[in-house]
Structures are given as C-alpha cells and as structure tokens.
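What follows is a short report on a single structure.
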C-alpha cells in the first residue's frame with residue numbers, strides 16, 4: 019500500500035469482522051426473502067454476481083488460510099512440515115513394490131496422483147509446500163479410480179510436476195501408459211502391474227530409455243488366456259537396464275536385454291509346458307554379467323516330467339561367471355535336471371531350490387548325482403543340515419562349503435530320509451558337519467539308516483523324535499563281528515572321524531525315554547573308544563538335568579569333555595538371496 023502505513027493482519031481482520039457484522043445487520047433488516055425471479059432486474063445484479071462468485075470466495079480462502087496458520091502443525095518449521103505431509107519418496111516406497119498380490123485397484127497402496135491432488139486442496143500453505151517440491155513427484159502408483167480421460171490428464175499433469183527429475187514409476191492402470199511413455203526419456207525405474215496381455219498395450223514404449231535401470235512387468239489379469247508374448251520395447255535401446263522382472267510371459271526377444279545383473283522370471287504354475295525353453299535360456303546366455311537369478315514355475319516352458327538324454331554341445335552350455343545367487347521355485351526334479359544340462363554353476367554360487375514338487379520316484383538329490391559336473395559351487399561342501407519344519411513349513415536340506423551353498427526345500431523330503439539321500443550325492447565325501455532338526459524319520463529295519471560320511475566330524479541332533487535319537491546312536495555304535503569271523507577282521511565303523519556329538523531336546527520328553535537315549539549314547543561312545551575312534555566332545559541340552567548329571571562321570575571315562583545345558587549354536591547360513599528377492603534365504607533359526 020503505497021504512501022500509507024502497512025495495516026497488520028490483526029487490524030485488517032478486526033475491520034473485516036466489523037464490516038461483516040454491519041453487512042449482515044443491513045441484509046437481515048431487509049425483506050430479502052421476497053427477492054425472487056419476479057423482482058425487476060437492476061444494475062446491481064451484475065455486481066452481486068461478482069460479489070458471490072469472485073470476491074466472497076477469495077475473501078473466504080484468505081480468511082481460511084489465516085485461520086489454518088494458527089493450527090499447531092503449522093508452527094513447525096517449513097522443512098519439517100514438508101517432510102510430514104509429503105515425505106521423501108524413498109522413505110514411502112521401497113523399490114520394487116510387490117503389487118502383484120494386491121487387487122488391481124491398488125488396495126493398500128498410496129496413489130501418488132490422488133494424494134498429490136488432495137494435498138494441494140487442503141489449504142494454500144500446503145499447496146505452496148507441495149508445489150515447491152517437484153522432486154517429490156517421482157514415485158507413484160496409479161490404480162485407475164477415475165474415468166480414463168480424466169485419469170490420463172491427471173497422470174500427465176502429475177508427471178509434469180517432476181520437472182527434469184528421473185522418474186521411478188509404478189502403475190496398475192493401463193490408461194496411464196501413454197502418459198508414462200511420453201516421458202520415457204526420464205524413466206529410471208518402471209513397474210507395470212496391469213492387464214497388458216496384448217502386445218498393443220506396449221506400443222507406446224517405442225522410444226529409447228537412456229536412464230532406465232529397473233523394469234518389472236507382470237500382468238495382473240487372471241491368466242485366463244495363458245501366458246503372453248512380450249514385444250520389442252524401447253527400440254531395443256536400454257543401455258543402463260540391469261534389473262528385469264517378467265511375469266507370465268511366454269516369449270520375448272532375448273537380444274533386447276543384454277546388460278542385466280538381476281533377473282526374475284516367473285511362469286504360470288500348471289501350464290501345459292509344451293513351449294520352448296529357448297527364450298529363457300537366451301536371457302541367461304545374452305547376459306553374461308548376471309549376479310542374481312530367480313526362476314519360478316518352469317511349467318510354462320517345460321513339461322513336468324521332461325526327459326532327454328541328448329548331450330548338449332559344450333559351446334551351448336551357459337557358464338555365468340558372475341553369478342552369486344540362483345533361486346528356483348515351484349519346479350519338478352525333472353525340470354531342474356533339464357535346466358542344469360544347459361547351465362553350469364561356477365564356484366561362489368548360493369543355490370536355492372524350494373517348493374520342489376512332482377519328484378515321484380526321483381530322489382531330490384538325484385539331480386546333483388546325475389549332473390555333478392554342473393555344480394562347481396558344491397565342491398568341498400562341508401556342512402549339511404536338514405529340518406522337518408523348515409521355511410514356511412517346508413522341510414529343508416541346507417549345505418554350505420568354501421565354494422558356495424545349497425538349499426533344497428520340498429514337502430516330499432518328509433517322506434524320505436534326506437540325510438541318506440545326501441549320502442549318495444557327489445559331495446558326501448567332504449561333509450564334516452551334519453545337523454538334524456525336528457526329524458521324525460522312521461528307522462525301520464528295511465528302511466533308511468544313518469549313512470556313512472567318511473569325513474564327518476560333528477553331529478548335531480536337535481529336537482528330534484526320541485526314536486530318531488536312539489536309532490542314530492545305535493547306527494553309530496560299533497558292533498563286534500560274529501564269532502566265526504577271522505581274528506584279524508575288524509567290524510565296519512560308520513563315520514570313523516566323528517569326534518563331536520551335540521544332543522538337544524527341548525521338548526518335554528518322557529524321563530524314561532530320554533534315559534534310554536543316554537544309555538544308547540553311553541554304548542556308542544564305549545564301543546568307539548574300544549575300537550580306536552573315540553568321541554572327544556559331548557554336549558547335552560535337555561530338561562532332564564536330574565538324570566543327565568549322574569551319567570557325566572561315566573561318560574567322562576571315554577570322552578575328553580562332557581558339557582551339560584549348552585545352548586545350540588546356529589549353523590551359519592547365508593541370510594538372503596539378493597537385494598530384490600521377495601523370498602529371503604531361510605535362516606537356520608526359523609522363528
């Protein structure tokens with residue numbers, strides 16, 4: 019206000035309140051209820067319209083802003099308030115977003131487009147804060163809650179707010195694909211979860227994507243039409259793309275992806291499997307820098323009982339020298355065997371095969387015996403563990419060694435003695451540690467027995483069935499030869515190098531039953547001491563201390579150290595499978 023003293027907000031408000039009360043008093047004193055359509059038109063009508071549509075709303079907005087300024091939340095510093103109402107996107111979203119398991123409307127996920135619009139409508143102060151942070155308009159989810167035309171305009175406007183910043187986009191709405199493709203030059207991460215079963219839905223993405231690093235395309239339809247075919251994308255120009263996730267796609271052009279380090283491919287469980295596995299092998303072959311590979315449900319490309327004995331030419335075998343983690347899920351033994359005819363694992367790879375199914379008569383470890391030369395990562399495997407409860411209730415066998423590690427999970431492991439199966443594998447001769455957890459194997463006379471691991475030094479039995487405790491100890495006891503044997507003959511000694519036994523029984527087993535376990539233990543250590551292959555260390559952890567303590571002195575006659583009430587040390591196992599893996603590498607402590 020030039021030439022006049024600046025009026026304070028409080029003084030202006032007092033004047034406004036006084037004028038408003040005066041106006042209200044004047045209006046209520048008139049017969050305004052009789053004012054209607056039949057009243058003769060006057061020049062005042064035009065000015066009244068301006069008062070109602072322009073002046074009063076503007077005054078109301080200013081007064082509302084002044085009133086909101088007194089809210090407690092607005093006393094916070096602008097930077098802090100901005101982070102509260104519109105926090106940095108890397109704190110809200112963790113890439114990649116797992117939206118495949120949610121409904122198509124994005125239930126449970128924040129829609130950044132709608133959220134952006136709602137925040138700008140709260141008050142002018144919030145609108146100014148949101149508009150001042152274009153870098154916050156980077157990640158969003160689009161769930162298609164409006165009509166397509168309105169939705170397209172909203173998404174286009176929202177993307178325009180991000181100025182020149184790289185874009186991390188998640189969409190569950192095909193109507194927004196055109197607007198997204200228009201800014202493809204700024205795409206850094208793109209995740210599409212929507213009904214994109216036809217190649218035509220991807221025609222928008224025909225421009226190069228020089229910044230794209232991560233691509234995740236998984237149709238959200240109900241798969242009634244089966245797997246789809248992925249067309250060429252981005253004019254085959256995505257030089258920085260290193261993470262790729264494909265779900266329910268039958269074919270693609272492998273050559274359009276050649277810079278990948280992380281690959282996740284998911285087929286359709288229960289598919290016919292009459293298709294070619296060439297596209298999948300082509301992805302592995304055209305990306306020599308792959309470090310993490312997840313393959314799920316090979317039914318889309320391979321029959322569940324696929325078999326072939328034709329040799330694979332050496333120059334066609336894939337040897338991913340940079341591979342660190344390979345995760346296979348929902349596959350059959352036959353499919354895995356077929357895959358490893360074409361794939362050779364180098365040292366240093368952590369291999370996980372879970373939800374192994376359809377094994378039938380095939381042994382779950384047969385694949386390692388049949389294709390032993392394909393698993394350099396299993397050379398020198400020194401630790402083997404099995405658990406009947408496993409990860410998500412699936413029985414597991416886990417192996418670790420200097421060259422890599424192995425995890426095999428299958429519900430069919432509960433029907434066989436996994437330890438006996440492992441004994442016939444090519445790495446059985448190097449196993450130095452065996453861990454059995456929650457095992458309930460049936461050690462019948464004609465059934466499986468505890469095998470002979472020639473290099474075994476340490477055996478851990480944790481929370482097994484009482485009968486398992488007794489039978490394993492019985493199998494490790496050296497039995498004298500029959501009377502008709504030659505004097506110089508020696509009885510067979512199973513696990514000759516075994517020196518440490520750890521028995522942990524945290525269940526409330528019957529006292530008499532656990533006492534029988536201790537007598538089997540005593541017979542075992544006594545026999546092995548007599549034949550020159552003594553047990554050096556025994557550790558016991560159970561709830562029956564009263565019956566254990568009297569046995570300590572007796573055991574010490576044959577054993578160097580006997581420890582009681584010692585907690586089970588967890589076996590060291592890789593914690594996770596990779597940065598982008600939705601399924602973690604199971605810990606030995608499954609709780």
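Numbering (my numbering), first residue to last: 19 to 609.
A virtual CB, placed ideally from N, CA and C, is assigned to each residue, including glycine.
These figures come from a predicted structure and were not determined experimentally.
Buried/exposed call for residue i, threshold 16 Cβ in 10 Å
{"i": "residue 515", "result": "exposed"}
{"i": "residue 257", "result": "exposed"}
{"i": "residue 74", "result": "exposed"}
{"i": "residue 451", "result": "buried"}
{"i": "residue 191", "result": "buried"}
{"i": "residue 110", "result": "Confidence is the limiting factor: at residue 110 the pLDDT is only 49, short of 50, which leaves the residue's position unreliable and the question unanswerable from this model."}
{"i": "residue 25", "result": "exposed"}
{"i": "residue 427", "result": "buried"}
{"i": "residue 37", "result": "exposed"}
{"i": "residue 88", "result": "exposed"}
{"i": "residue 185", "result": "buried"}
{"i": "residue 508", "result": "exposed"}
{"i": "residue 140", "result": "exposed"}
{"i": "residue 178", "result": "exposed"}
{"i": "residue 315", "result": "buried"}
{"i": "residue 391", "result": "exposed"}
{"i": "residue 482", "result": "buried"}
{"i": "residue 348", "result": "buried"}
{"i": "residue 50", "result": "exposed"}
{"i": "residue 442", "result": "exposed"}
{"i": "residue 325", "result": "exposed"}
Close-in-space but distant-in-sequence residues of the same chain around residue i (CB under 8 Å, 5 per side omitted)
{"i": "residue 259", "result": "227, 230, 231, 232, 233, 275, 277 and 278"}
{"i": "residue 398", "result": "419, 420, 421, 445 and 448"}
{"i": "residue 166", "result": "193"}
{"i": "residue 584", "result": "520, 557, 558 and 559"}
Where residue i sits in the DSSP three-state scheme
{"i": "residue 386", "result": "helix"}
{"i": "residue 37", "result": "helix"}
{"i": "residue 64", "result": "helix"}
{"i": "residue 571", "result": "helix"}
{"i": "residue 84", "result": "helix"}
{"i": "residue 43", "result": "helix"}
{"i": "residue 546", "result": "helix"}
{"i": "residue 280", "result": "strand"}
{"i": "residue 428", "result": "coil"}
{"i": "residue 270", "result": "coil"}
{"i": "residue 520", "result": "strand"}
{"i": "residue 403", "result": "strand"}
{"i": "residue 553", "result": "coil"}
{"i": "residue 455", "result": "strand"}
{"i": "residue 303", "result": "helix"}
{"i": "residue 77", "result": "helix"}
{"i": "residue 579", "result": "strand"}
{"i": "residue 393", "result": "strand"}
Bounding residues of the beta strand (DSSP E) (the contiguous stretch that carries residue i)
{"i": "residue 371", "result": "367-372"}
{"i": "residue 341", "result": "First-last for residue 341: undefined, no H or E at that position."}
{"i": "residue 186", "result": "185-189"}
{"i": "residue 234", "result": "232-235"}
{"i": "residue 210", "result": "205-210"}
Close beta carbons around residue i, own chain, < 7 Å, minus the five adjacent residues each side
{"i": "residue 610", "result": "Past the boundaries of the shown model lies residue 610; the chain is included only from 19 to 609, so the question cannot be answered."}
{"i": "residue 394", "result": "363, 364, 365 and 421"}
{"i": "residue 440", "result": "383, 402, 415 and 446"}
{"i": "residue 496", "result": "509, 511, 545, 546 and 549"}
{"i": "residue 271", "result": "250"}
{"i": "residue 169", "result": "162, 191, 193 and 194"}
{"i": "residue 83", "result": "141, 142 and 143"}
Neighbour flag for residue i against chain B, beta carbons, 8 Å
{"i": "residue 73", "result": "Judged by its chain identifiers, the structure shown contains no chain B, having just a single protein chain."}
Same chain, Cβ closer than 6 Å to residue i, five either side skipped, listed in chain order
{"i": "residue 562", "result": "529 and 532"}
{"i": "residue 582", "result": "558 and 566"}
{"i": "residue 536", "result": "569"}
{"i": "residue 555", "result": "518 and 579"}
{"i": "residue 81", "result": "none"}
{"i": "residue 337", "result": "362"}
{"i": "residue 542", "result": "491, 494 and 495"}
Unbroken alpha helix (DSSP H) run spanning residue i, endpoints
{"i": "residue 178", "result": "166-178"}
{"i": "residue 262", "result": "From DSSP, residue 262 is part of no alpha helix (DSSP H) but of the beta strand (DSSP E) over 261-265."}
{"i": "residue 355", "result": "351-360"}
{"i": "residue 311", "result": "Where residue 311 is concerned, there is no enclosing alpha helix (DSSP H), although the beta strand (DSSP E) it sits in stretches over 310-314."}
{"i": "residue 198", "result": "195-199"}
{"i": "residue 225", "result": "Unbroken run through residue 225: none, as it is neither H nor E."}
{"i": "residue 319", "result": "Where residue 319 is concerned, there is no enclosing alpha helix (DSSP H), given that its DSSP letter is neither H nor E."}
Distance cut-off 7 Å: residue i Cβ against heavy atoms of the ligand GTP
{"i": "residue 392", "result": "With respect to the ligand GTP, the structure shown offers nothing to examine, as it has no ligands at all."}
* To do: Any chance you could list the alpha helix (DSSP H) runs of at least 4 consecutive residues sitting entirely within the segment 462-494, in chain order?
  => 484-494
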